[in-house]
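Numbering (this note's numbering), first residue to last: 25 to 1167. A virtual CB, placed ideally from N, CA and C, is assigned to each residue, including glycine. First the structure, in the form of structure tokens, and then the observations on it.
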């Protein structure tokens, strides 16, 4: 009994919840046949079309038709049985409208009009067979005008509606230098009029109203409008010069205003409607969504072929005499959609169509329809739809791939399926993967409305509520286009290729596809791969496999894993003040990510003098090759460029070592624009890095809209906090969700915080994890232990530097560093025991180790052990200890006087060397002196001296020449390969001191960015300088796609004028460009177009102006020989170079 009650309660709760998903109308045991309806009208499905679907023998009473989850009544040409060859199913079909969009709005009341859909005008109808019966039907009724006793209805209340479709208004905005918009459907968003400014009222005339002037009925006026700028205003409406509305509608607020008017105001049958913006600011803007006039109308139908109208409930019925209806000589049909009845009109009286309607207890919606063939639409084909029942566990999963069948085939097979197989494998995480076709989701969860966000949004809620195992992630595979671009480009055949899985809203958001209601944080982590072909999926899948194989299998060595903690902070900002602010934020982030649990190694990369930079452009290339875990950019950006020239992943060789790339600026995450070039060229930064083969990044996270500095900082703080704390080692989708929660904690329901949470887009697989390990892993290796290459018993001590790493999880636990030394006789000495507190990434020690020549000559060993007492549980212990073997030599002699690089001003009779004094037998020591370090000139002298060590005196017979550098060296035997060298300058005119003046003396130096060549001249290093240019014609190429850069510096971006030749001049030695500046308000240097706010490194000349062309030639003639010159053309459309373009 208890079990049964629980089952009933569960079933009831399920069906109560099921209404949220739009799929409760579906019987999953049935096959459905769908077809589109793109305009209102009478539709017929002929028997021939039913036959093509195998339905020709279905009794007509079993057919059932659905639209938007509501059963549509059918009229059948036979009441029952099978259709004859000329038979058909008939229904009144309506195009898609905005009613399904209402639940997209944060507040359902923010939708000012539901006339037009924001997604598509095309509705999808579903035909099925239901043998049980009770299927909705339109029934033929007798139109008994002959027996009518009622007087004709004198009028009916008709609503004339003006539903604007001039533009899609983006809705409510905040102002931060630019207007910024939420991705949620907000107040004022939707189809509207063009913008109405104070100086340009909207005025239009409505004719042919056919007003009924007799009687007491009034006119009701309604208007819905919205502000579209941050100014105060009133909205005023005049009808036929009479003011009917005057209402406050400030800033981005909307308003719905009604007015009751006397019918006399429009008695002439027309209305001039004037809508005025009364703002004091001439730049103010507002828009109108719709206005409606409801008034008493004669039964004059204005010569249309279909006429929709309503009549109130009546307990007596209605007699209608309708004139001016466009029906020809064929009797029209009146559909009573409310009572599901069909009447054939009486046209016995010329010019009049008559109907005698029975009583009705409800208001009637009526449609009068011309029955001539040209006015009847034929459904020409049916597509089969078998709905997948996602209630069944076999159709569920915890890793959900949403994609498009367009991507299910490619030259190397179905890459979407390949991706799913990898994710279900042990290497890929062992997920229960499920592939969901967006068309299936659209038909099931969005009533078949193309491009509708409900397809995914409702499914995600369904999966969260119904699936036995809560999904871990949603991975969208397929590019999407924001709905405004999709709506305006709906006739473009490229849209099907580019809008494979539509996002939510404008600016586009994937996060809102996975939220509940008006929440802004996804209930399930979500990411996208913006692919348009299988080959792009294949590239990304291979990168994922490489990335996760490296994460799982890289050796526990410094080379294998230390790079995984490398974090580059690229700091932009443009001006010094903003750079300093961003730099301060990034330093705070640095402190957090370098601490537990991540233990990162952060390096700054910036061009700003306000921030210390750790890296140069070449350093960044080297670091990419070594490996970077996180590349975090904070500064100005667009969809395709950053302030630094790091927007081309092909220049970085980082196969298998793909970083997470965070771009915190504006538009860098906008992968949702309609780009006609996308099938051939990838221009967006996010897609470049994601689809770069064996290059680029593994995940790219950035906003699809504008970014605000302090909100981005809060988001990044949450991101780094999650990375280092609760979400350490978790998938990136969970990490970003946690960062959005932190953002909300700091800012609450603040509008700007909300739009950041909506628009920060995860481009990549949401279950990808940062490089991390579950435990610490301390290591020391050979190359991390530094000692001199030669150690002698002559040394009192030698320097020892030991560097050690934690390549695993960073913890606060203290550990012990122990260094021991094993002597040649096997004795072990403890050199150092030291406590190291909380080793996050790396640390080092430097000490001097004493040398006792009497007992330590020969083979020695250094035994270095980190976590010597094994206090911390590690990934592995085998890399904690390293034994380094070295030798202490006893058989050598070193020059000690004259001192190296000294100036000697008196004759030198004796030269001194020092040999260890441990020898028991006499040894021979050799000294040579010459004026060249090659020791091959006629001046060379040699001398041999015997001794048991200590200070050895040499007295070569040599006459020192004034102002000459002498080289001298010592060794233990004449044929020894080991010499110790020294040099000095002999100058009797100088005081004693230091000198390096001769070629061989300079060969001992270490040089930075210069070198000493064999011709004995100094040269600066020749460094390759990359100059990149990307150009194109406007509007196919916009500002972010027209750019010239030198290494990391943008030199020219966009243009200050259209149709110009741009000239950039580069110094041949420094490669720096000449700088332009305005010599007057109308002219730059060399007569060029005056520079604007853009970079001042190009000289622009209008090529259509002969005088400007001559100035361009003069500049080219002026440039010295050897200088590098770049000339490029920026223009609009195409131009033909003809004789008129010559000088």
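Bridge-paired residues (DSSP) for residue i
i	result
residue 95	90
residue 889	842 and 905
residue 568	Answer by DSSP bridge pairing: none, since residue 568 is not bridged.
residue 1017	927
residue 624	Beta-bridge pairing links residue 624 to no other residue.
residue 205	197
residue 231	Beta-bridge pairing links residue 231 to no other residue.
Proximity of residue i and residue j at Cβ, strictly below 9 Å
i	j	result
residue 786	residue 1109	no
residue 141	residue 188	no
residue 330	residue 121	no
residue 335	residue 177	yes
residue 851	residue 937	no
residue 243	residue 290	yes
residue 495	residue 419	no
residue 504	residue 534	yes
residue 696	residue 477	no
residue 426	residue 502	yes
residue 304	residue 256	yes
residue 735	residue 767	yes
residue 728	residue 693	yes
residue 700	residue 558	no
residue 666	residue 683	no
residue 971	residue 1002	no
residue 468	residue 550	no
residue 137	residue 196	no
residue 101	residue 114	yes
residue 544	residue 750	no
residue 134	residue 198	no
Distance, residue j Cα to residue i Cα
i	j	result
residue 1053	residue 555	26 Å
residue 150	residue 91	7 Å
residue 1047	residue 651	23 Å
residue 370	residue 251	50 Å
residue 374	residue 397	21 Å
residue 6	residue 591	Residue 6 lies beyond the residue range present for the chain, which begins at 25 and ends at 1167; the question has no answer from this structure.
residue 659	residue 733	8 Å
residue 475	residue 525	8 Å
residue 75	residue 81	8 Å
residue 935	residue 1034	35 Å
residue 762	residue 780	14 Å
residue 958	residue 846	40 Å
residue 1051	residue 513	36 Å
residue 127	residue 507	16 Å
residue 1062	residue 1029	Low local confidence applies: a pLDDT of 49 at residue 1062 is under 50, so the model's placement there is unreliable, and no value is given.
residue 1162	residue 1153	Residue placement at residue 1162 cannot be trusted, given a pLDDT of 48 that sits under 50; the coordinates are not used to answer.
residue 688	residue 726	6 Å
residue 1059	residue 1149	Low confidence applies here, because residue 1059 scores a pLDDT of 49, under 50, leaving its location unreliable and the question unanswered by this model.
residue 88	residue 310	45 Å
residue 774	residue 746	21 Å
residue 1044	residue 1038	14 Å
residue 867	residue 208	49 Å
Given residue i as reference, the closest of the options once Cα atoms are compared
i	options	result
residue 538	505, 558 and 500	500
residue 636	125, 497 and 596	596
residue 344	811, 175, 1041 and 916	175
residue 988	411, 931, 1137 and 1144	931
residue 546	603, 580, 484 and 490	484
residue 880	929, 857, 818 and 919	818
residue 894	877, 837 and 908	837
Anticipated Cβ contact below 8 Å, residue i with residue j, distance rounded
i	j	result
residue 45	residue 152	In fact, because the Cβ distance is near 19 Å, the residues do not count as touching under 8 Å.
Test: residue i CB closer than 9 Å to a CB of chain B
i	result
residue 330	Of the protein chains in this structure there is only one, and it is not chain B.
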